[in-house]
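Presented below is the structure to which this report refers.
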Amino acid sequence: MAGHSKWSNIKHRKGAQDKKRAQLFTKLAKEVTIAAKEGGKDLNFNPRLRIALDKAKKNSMPKDNIDRAIKKGTGELAGVEYIEIKYEGYGPGGTAFIVEVVTENKNRSASSVRSNFAKNGGNMGADGAVAWMFDKKGQIIMKSKGLDGDEFMMELLETG
Numbered sequence: 001m002a003g004h005s006k007w008s009n010i011k012h013r014k015g016a017q018d019k020k021r022a023q024l025f026t027k028l029a030k031e032v033t034i035a036a037k038e039g040g041k042d043l044n045f046n047p048r049l050r051i052a053l054d055k056a057k058k059n060s061m062p063k064d065n066i067d068r069a070i071k072k073g074t075g076e077l078a079g080v081e082y083i084e085i086k087y088e089g090y091g092p093g094g095t096a097f098i099v100e101v102v103t104e105n106k107n108r109s110a111s112s113v114r115s116n117f118a119k120n121g122g123n124m125g126a127d128g129a130v131a132w133m134f135d136k137k138g139q140i141i142m143k144s145k146g147l148d149g150d151e152f153m154m155e156l157l158e159t160g
């Protein structure tokens, strides 16, 4: 029984909401840091940073968190350095995969990607193992909307 205290009823929901919000802010900060690192902090010459900042503002990320992420990316502030890495490999049935990762620890990420390939019946290849099969045309970002795997794939294919 929840009782009559308003706080005892709220604290369970608040904890879960705060955890989701913190995870989102961490992800957005990584995006801002990498964008600033690659193209500098001038929004006129860095469209990737502009998009990352729009996302951060849309999700009500505090301005000081945004400023700190930009300073980390431009080297004005010491801290964790995020890097983008591509891993290549083969999945079940010989399906070719390119996995793009943003991380601060290459070794941990490589281990994690390798174990995910192995758990699902695939194996990680060397650089260039499958990249020759792909031409990067763009990126599709889509929310699942609570669809199951098949419905999600159909909607994704219809999108382009």
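The sequence shown maps to residues 1 to 160 in full-length UniProt numbering.
From the three backbone atoms N, C-alpha and C, an ideal C-beta is built for every residue, glycine too.
Membership of F97 in the beta strand (DSSP E) is indicated by the continuous run 96-103. Closest option to N46, judged by alpha-carbon separation, among K57, F25, I70: I70. Distance from the Cα of A126 is smallest, within the candidate group F152, K86, M153, for K86. Listed in chain order, the non-local C-beta contacts of G122 below 8 Å within the same chain comprise G89, Y90, G91, P92, T95, F97, local neighbours out to five positions each way being set aside. If you draw a straight line from the Cα of D42 to the Cα of D18, it is about 31 Å long. Proximity of the segment 99-108 to the segment 60-74 falls short of the contact definition, fewer than three beta-carbon pairs being nearer than 8 Å. Residue state for M133 is assigned as helix, using DSSP reduced to three classes.
Around the beta carbon of M133, fewer than 16 other beta carbons lie within 10 angstroms, which makes this residue exposed. Scanning the UniProt domain "TACO1/YebC-like N-terminal" (5-76) for uninterrupted alpha helix (DSSP H) segments of 4 residues or longer gives 6-39, 47-58, 63-74, listed from N- to C-terminal end. Contact between G39 and L49 holds, since their C-beta atoms are separated by about 6 Å, short of 8 Å.
With fewer than 16 other beta carbons inside 10 angstroms of its own, I10 counts as exposed. Where N107 is concerned, the enclosing alpha helix (DSSP H) starts and stops at 106-119.
Separation of E31 and N59 (C-alpha to C-alpha, rounded to the nearest whole angstrom) is 13 Å. Secondary structure of E88 (DSSP, three-state): strand. In the three-state scheme derived from DSSP, where H, G and I count as helix and E and B as strand, G138 is classed as coil.
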